[in-house]
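Single-structure report; data block below.
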Amino acid sequence: MHGAQFRIPYHLQYRILVAKLMGKFVSFVLQLLCCFLISCIATNISTDQSALLAFKDGVNLNSSHPLSQNWTSHASICDWIGVTCGSPHRRVTALNVSNMDIYGPVSSQLGNLSFLFSLDVSRNNLHGELPQDLSYLRRLKVMNLGRNNFSGEIPRWFGFFSELQMLILDSNSFTSIPPASISNLSKLETLSVRYNHLQRNIPQDIGNLQSLKELILFRNQLTGPIPFTIFNISSLETLNLTYNELSESLPVDICCRLPRIKSIAIVSNHLSGHIPPGLSNCTQLYELSLSHNNFNQSIPPEIVNLERLERLNLEGNNLQGTIPAKIGDLQNLQQLQLKNNRITGSIPNTISNLSSLWLLNLNTNNLSGVIPREIGNLHKLERLHLTFNKLSGSILEELFNISTLRRFSLACNNLSGGLPSASSYWPTNLQFLHLGSNKIGGVIPSSISNSSNLKSLDLSQNKFSGPIPNSLGDLRHLEVLYLGTNNLSSPYLSIFSSLANCRSLTAIGLAYNPLNGVLPESIGNLSTFTEKLNLRHSQIRGQIPLGIGNLSNLITLKLNSNDLTGSVPRTFCHLQNLQGLSLENNRLSGPFPECLCKLPELVVVSLSNNQFSGPRHIYLNSNWLTNIPTSLWSLIDLLDLDLSNNSLVGYLPPDFGNLNAIKLVDLSRNHLSGIIPSTIGNLQTLLYLSLAYNELQGSIPGSMGKTTSLELVNLSNNILSGTIPKSLESLQYLKDFNVSFNRLEGEIPSNGPFLNFTSQSFMGNEELCGDLVFRPCMTRSFHHLRKSKLLLIILVPLGTSLMVLASIGVVMLRRRGNGNVPTQVESLPATTTLARISYIEVERATQGFDQCNLIGSGGFGSVYKGTFANGMNLAIKVFSIQIEGALESFEAECEVLRNLRHRNLTKVISSCSNMDFKALLLEYMPNGSLEQWLHSDDYFLNVIQGLDVMIDVASALEYLHHGYATVVVHSDLKPSNVLLDERLVGHVSDFGLSKLLGEGESMAHTKTLATMGYIAPEYGSVGLVSRRCDVYSYGIMLMETFTRKRPYDEMFRENLSMRSWVLMSTPEDIIDVTLMEPEEIGFQKKLHCVSSILELALHCTTESPNERLNMKEVLANIKKIKLEFLCK
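All letters in the sequence shown, in the order written, are residues 537 to 1664 by our numbering.
Structure (structure tokens):
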């Protein structure tokens, strides 16, 4: 064995060999894995790059856009604008392209950014529905899509974002939150969907979001009750459901499961019941805003336990009772807003303990007693509003000693005393001081100028006396100055020289003061921003200064009821923005400047009781004038009168014949009714007369034959009847005569100027005879002798022919069957203005009745917008004839609208009718319905616009009830049946339920019910239809227009109706809050106007039909309300 070679055992050799082979294999595998990982990383980065480039290519970007220049394959993706990559794997983890003016849809390839944690594309113009591929972004924690135009439902696949913590969808067009779409987001902390179009109910399963801290659904159209499950989200800190249509009450134990809630804002909804006392358990609450709902009863005293509360806003409800005596316990309160309620009692002294308070608004309540002197201790107070209460006592100097005060409003109370004189009481921060409509007296101190930042000063309707201090001219920021209805004076009217320093002044009201002087020329140096100047009833004398013409932005000028003399300055013609001019009750003389009649905006001109003379011309055509002042008919020197294309209503009085010098009268295209007065024969100098396109009735007066100078007469498109007087044959200078489209009958005169007139002058009068193209006239004796024989000769063959035609028609119809397309068109003879229109043309105009052209749907069919080949737009009302009652509705509308003509009725252009298809072609109204304007956030009518529309409706009803031979009862008057044209002129539509009352009938019975809420009591109970039913519906519409409450609102139940609500409330409590604010200029005028309207509405809606006004009375009343509003 010694010296023998050592050998490794076979089993060890085997192990060594295996080890070597395994080492090489592992090395190979590691190298392969490394290459694979490098390849994967490169592929994933490439995928992210492709996804972002697809997003860029899918939107509209110009070549200079940052993304066009930066997002290129030449740069590393992690260096691109808005892109963030993660450090370990270099994948895109965040994308922020907010506010980069990107327009277009979102690419579905963004769903390939699988490592994305944060996505922010807010503040762009991205649109369309979100692609479902985004659901692959499972790591997403933050998603901000706000301020774009995404539409459709909030996607249900949002539920896949299990890591999502923040979801912001503000300012888009999302329509609903489907159940289960977001309820799985257990980590979600913020959900904000404000400013969208969310409808329907808030889903109950939103209560599953147990990590939620902020829920913001501000300004949508959500309805129904607030799900109680929301109040189980114990993590919730902010709840904002403001500006929706949510209803019912809040839970009594609202705060039991919300220990962390800090802010509750549910403003402008329809919540009712009482404010839960349980709110006191929300111990962390710093904001409680429940304004503009229907809460009643009193403010719960437990609310004073909310020690952290900073903002309390309960305004615009029906709260009663008193302000809690311990309100002062809310030591941190900064804002207290209780305006527009029914709170009574006095202001508690403890309010002075609110040392952090900067806003106190108790406007429009029933508070009484004196203002607590302790309020003067609120040294942070910036806004103090106590307007429209019943507060009394002297005005307190301490209130003027609050140096931080900016807005101070005590108007419309019973306050007395005087203003402090020391400069120290006039803080420099004060900007608004409104003390109007009280009993404050004494002098206006010159020290008021120490409040050098004052912008609006209203001391009107008080008992101030003495001179107006010229120091007001030192208020360089002053915009509004109202001192009217006092006992103030101004030596030499020097106040106007002082006010010339106030270069921002827009409104000056000094009316009803004994100014007792001559207007100085310096009045022309007032700010060119001046829009309103009211000096009526101010004992001003002398001539009107030429300088007033320098006030180029003047809108209303009231100098009436003074002692002004001389002529109206021609410089007034420079006032291109002037809308109202009141000069009545003075001693002005000379000719009236013709150029004033050409001012483009002028609406109201009042010149009565002056001494004007000389020839005059009035051109006020193409405006919005509604009435002709009676003083106009006394202008015996008037030469030309053109009021065409306005909205004039009423009758032509016999005084029309007083215009002895008149040469031209054009009153065409208005709404004048009644007869043409016979006194027209007195107008010997008249050359041109146009009364076309009105609603004049009766006969053409024979006295017109005495107006021997006439060269042109146009009476077309009225409702004139009777014969054309033979006396007109003596008008030897008559060259143009048009009486077409009336209801004239009898023989057309054949001598004198009538020898030269063609049939075009007489078209649309079916009963006229005698002209070459009209049927010959038969004498009475011939007609009487041949009547029987003629009837036999005509009727026998006619009857036989009709039977044959009927048989052929039946056979043809059977052969055609019911599946053929109808092509027959029946035009309405009295209203047709188009050529015959085929079904094919109707189908093409609506693009095959495409849903995109659908305007609306009703009980008996649908209305489409149709655009015809000539570019004309029409509304096409297609009746669903398979529905019971639709055929009767079609026939009713045809019967009613065939002969009616009124500017405020929807005009029927034609009809298309056959066995299978029935439609009316109507005038198209581009501004939709009154319903849209009242109950949509996208539309808004101000006071004067709402008043104008309701005057239009009243004018239409007055015509239907009193201006047509047969009484027409509409029977279904409501806002959706009032359509608005391009000028917001109202047109009553939808006569499918209307009734024609025959001669001697005042009422009828029906089995067809109209819309609940608008129908009169007698209509709903016994089916009794009369004109007074329409009056009732009109009254309800008046209430709805100015309160924006529907008569079937959920608040109107049991014994509370819309009428009883209006009857029991004070107007300022129920008027639509968007129409006016107590601090705005002209608030009192608006309030008086709307109060008068609501009073008229109550007269229209009495339970007894006999106690209601008729539409003539209603129309006169509402016009008077408008006139008073414009003239105040």
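Where a beta carbon is used, it is the ideal one built from N, C-alpha and C, also for glycine.
(message) Distance check for residue 1163 and residue 1659, CA to CA, integer angstroms please.
(response) Working through the sequence shown from its first residue, we reach residue 1659 at position 1123. Working through the sequence shown from its first residue, we reach residue 1163 at position 627. One C-alpha to the other measures close to 9 Å.
(message) Would you call the stretch 624-634 in contact with the stretch 684-692, where contact means no fewer than 3 C-beta pairs closer than 8 Å?
(response) no
(message) By the DSSP assignment, the alpha helix (DSSP H) with residue 1605 in it spans what residues?
(response) Residue 1605 sits at position 1069 when you count from the first residue of the sequence shown. Unbroken alpha helix (DSSP H) run through residue 1605: 1603-1606.
(request) With a cut-off of 8 Å on the beta carbons, I'd call residue 1441 and residue 1413 a contact; round off their distance for me. (result) In the sequence shown, counting from the first residue as 1, residue 1441 sits at position 905. In the sequence shown, counting from the first residue as 1, residue 1413 sits at position 877. The Cβ separation is near 14 Å, so there is no contact.
(request) Mark residue 1570 as exposed unless 16 or more other C-beta atoms lie within 10 angstroms of its C-beta, in which case mark it buried. (result) By one-based count along the sequence shown, residue 1570 stands at place 1034. With 16 or more Cβ atoms within 10 Å of its Cβ, residue 1570 is classed as buried.
(request) Give every residue of the same chain whose Cβ lies closer than 7 Å to the Cβ of residue 1129, excluding the five residues on either side of it in the sequence, and list them in chain order. (result) The sequence position of residue 1129 within the sequence shown is 593, counting from 1. Hits under 7 Å: 1104, 1106, 1108 and 1109.
(message) Quick check on the DSSP output: the beta strand (DSSP E) that includes residue 1176 runs from which residue to which?
(response) Indexing the sequence shown from 1 puts residue 1176 at position 640. Note, residue 1176: beta strand (DSSP E), 1174-1178.
(message) Between which two residues does the beta strand (DSSP E) holding residue 1000 run?
(response) In the sequence shown, residue 1000 corresponds to position 464, counting from 1. Here the beta strand (DSSP E) through residue 1000 covers 999-1003.
(request) Closer than 6 Å by C-beta to residue 923: which residues in its own chain qualify, once you throw out the five before and the five after it? Chain order, please. (result) Indexing the sequence shown from 1 puts residue 923 at position 387. Excluding residues within five positions, the ones whose Cβ falls inside 6 Å are 899, 945, 947, 948 and 1614.
(message) By the three-class DSSP mapping on this structure, what secondary structure does residue 844 have?
(response) Working through the sequence shown from its first residue, we reach residue 844 at position 308. Residue state, collapsed to three classes: coil.
(request) Could you tell me if residue 1387 is buried or exposed, where buried requires 16 or more neighbouring beta carbons within 10 angstroms of its beta carbon? (result) As a position in the sequence shown, residue 1387 is number 851, starting the count at 1. Label assigned to residue 1387: exposed.
(message) Using CA atoms only, rank isn't needed, just tell me which of 938, 856 and 933 is closest to residue 917.
(response) Along the sequence shown, read from residue 1 onward, the residue named residue 917 stands at position 381. For the residues 938, 856 and 933, the minimum Cα distance to residue 917 belongs to 938.
(request) With DSSP as the reference, label residue 1144 as helix, strand or coil. (result) For the purposes of this step, residue 1144 is taken as residue 608 along the sequence shown, with counting starting at 1. DSSP places residue 1144 in coil when its eight states are reduced to three.
(request) May I have the straight-line CA-CA distance separating residue 1093 from residue 1233, to the nearest angstrom? (result) By 1-based counting over the sequence shown, the position of residue 1093 is 557. By 1-based counting over the sequence shown, the position of residue 1233 is 697. The alpha-carbon atoms of residue 1093 and residue 1233 are separated by roughly 38 Å.
(request) Determine the closest residue to residue 981 out of 968, 974 and 1001, with distance taken between C-alpha atoms. (result) Taking the first residue of the sequence shown as 1, we reach residue 981 at position 445. Comparing Cα-Cα distances from residue 981 to each of 968, 974 and 1001, the minimum goes to 1001.
(message) Can you check which of these residues, 1047, 760, 1273 and 728, is closest to residue 749 by C-alpha distance?
(response) Here residue 749 is taken as the residue at index 213 of the sequence shown, counted from 1. For residue 749, the nearest C-alpha among the options comes from 728.
(request) Quick one: measure Cβ to Cβ for residue 1231 and residue 1438, integer angstroms, because I've assumed they're closer than 8 Å. (result) By one-based count along the sequence shown, residue 1231 stands at place 695. By one-based count along the sequence shown, residue 1438 stands at place 902. With a Cβ gap of about 6 Å, residue 1231 and residue 1438 count as contacting.
(message) To test your reading of the DSSP string, which unbroken beta strand (DSSP E) runs of 3 or more residues are found completely within the stretch 949-1011?
(response) 950-952, 968-970, 992-994 and 999-1003
(request) Give me the Cβ distance between residue 1600 and residue 1523, rounded to the nearest whole Å; I'm assuming they're in contact under 8 Å. (result) The residue given as residue 1600 occupies position 1064 in the sequence shown. The residue given as residue 1523 occupies position 987 in the sequence shown. With 8 Å as the limit, residue 1600 and residue 1523 do not qualify as a contact, their Cβ atoms being about 34 Å apart.
(request) Spatial neighbours of residue 1116 within its chain, please: CB distance less than 6 Å, with the 5 preceding and 5 following residues excluded, ordered by chain position. (result) Locating residue 1116 in the sequence shown gives position 580, where the first residue counts as 1. Within the same chain, residue 1116 has close Cβ partners 1092 and 1140.
(message) Extract the residue ranges of the alpha helix (DSSP H) inside the stretch 1544-1590, only unbroken runs of 4 or more that lie entirely within it.
(response) 1553-1558 and 1563-1579
(request) Counting only the same chain and skipping the five closest in sequence on each side, list residues whose C-beta sits under 6 Å from that of residue 714. (result) Translated into the one-based positions of the sequence shown, residue 714 becomes position 178. Contacts found: 689 and 692.
(message) Does residue 926 pass the burial test, meaning 16 or more other C-beta atoms within 10 Å, or should it be called exposed?
(response) The residue labelled residue 926 in the question sits at position 390 within the sequence shown. Residue 926 is exposed by the Cβ-count criterion.
(message) I need the straight-line Cα distance from residue 1278 to residue 1250, nearest angstrom please.
(response) Your numbering for residue 1278 matches position 742 in the sequence shown. Your numbering for residue 1250 matches position 714 in the sequence shown. In a straight line, the C-alpha of residue 1278 is about 12 Å away from that of residue 1250.
(request) Report the three-state DSSP secondary structure of residue 663 (helix, strand or coil). (result) The residue you call residue 663 lines up with position 127 of the sequence shown. Residue 663 falls in the strand class under three-state DSSP.
(request) Report all residues from its chain with a CB closer than 6 Å to the CB of residue 780; omit the five preceding and five following residues, and keep chain order. (result) In the sequence shown, residue 780 corresponds to position 244, counting from 1. Excluding sequence neighbours, residue 780 sits near 756, 758 and 805.
(message) Could you tell me the alpha carbon to alpha carbon distance between residue 1344 and residue 1635, rounded to whole angstroms?
(response) Mapped onto the sequence shown, residue 1344 falls at position 808. Mapped onto the sequence shown, residue 1635 falls at position 1099. Low confidence applies here, because residue 1344 scores a pLDDT of 38, under 50, leaving its location unreliable; read the following figure in that light. The straight-line gap from Cα to Cα measures roughly 59 Å.
(message) Let me make sure I understand the geometry here. Which of 1190, 639, 1489 and 1165 has the alpha-carbon closest to that of residue 596?
(response) One-based indexing of the sequence shown puts residue 596 at position 60. Among 1190, 639, 1489 and 1165, the Cα nearest to that of residue 596 is on 639.
(message) I need the DSSP call for residue 921, collapsed to helix, strand or coil.
(response) Translated into positions along the sequence shown, residue 921 becomes position 385. Correct three-state label for residue 921: strand.
(request) Return the CA-CA distance between residue 1644 and residue 1500, expressed in angstroms with no decimal places. (result) By one-based count along the sequence shown, residue 1644 stands at place 1108. By one-based count along the sequence shown, residue 1500 stands at place 964. Computed Cα separation, rounded: 21 Å.
(message) Using a 10 Å radius around the Cβ and a threshold of 16 neighbouring Cβ atoms, would you call residue 1661 buried or exposed?
(response) Here residue 1661 refers to the residue found at position 1125 when the sequence shown is read from its first residue. The residue in question, residue 1661, is buried, as its Cβ has 16 or more Cβ neighbours within 10 Å.
(request) Please report how far the alpha carbon of residue 1382 lies from the alpha carbon of residue 1407, in whole angstroms. (result) Residue mapping note: residue 1382 aligns to position 846 of the sequence shown, counting from 1. Residue mapping note: residue 1407 aligns to position 871 of the sequence shown, counting from 1. Rounded to the nearest angstrom, the two C-alpha atoms are 13 Å apart.
(message) I need the boundaries of the alpha helix (DSSP H) containing residue 936, first residue and last residue.
(response) Position 400 of the sequence shown, counting from 1, holds the residue named residue 936. Note, residue 936: alpha helix (DSSP H), 933-936.
(request) For residue 1123, I'd like the list of residues in its chain whose CB is within less than 8 Å of its CB, leaving aside the five on either flank, ordered along the chain. (result) Against the sequence shown, residue 1123 aligns to sequence position 587. Same-chain partners within the cutoff: 1099, 1100, 1101, 1146 and 1147.
(request) Taking the CB atoms as reference points, tell me whether residue 822 and residue 844 lie closer together than 7 Å. (result) Here residue 822 refers to the residue found at position 286 when the sequence shown is read from its first residue. Here residue 844 refers to the residue found at position 308 when the sequence shown is read from its first residue. It is a contact, given that the beta carbons lie within the stated cut-off.
(request) Let me know if residue 598 comes out buried or exposed under the rule of 16 or more other beta-carbons within 10 Å of its beta-carbon. (result) Taking the sequence shown and counting its residues from 1, one reaches residue 598 at position 62. Exposed.
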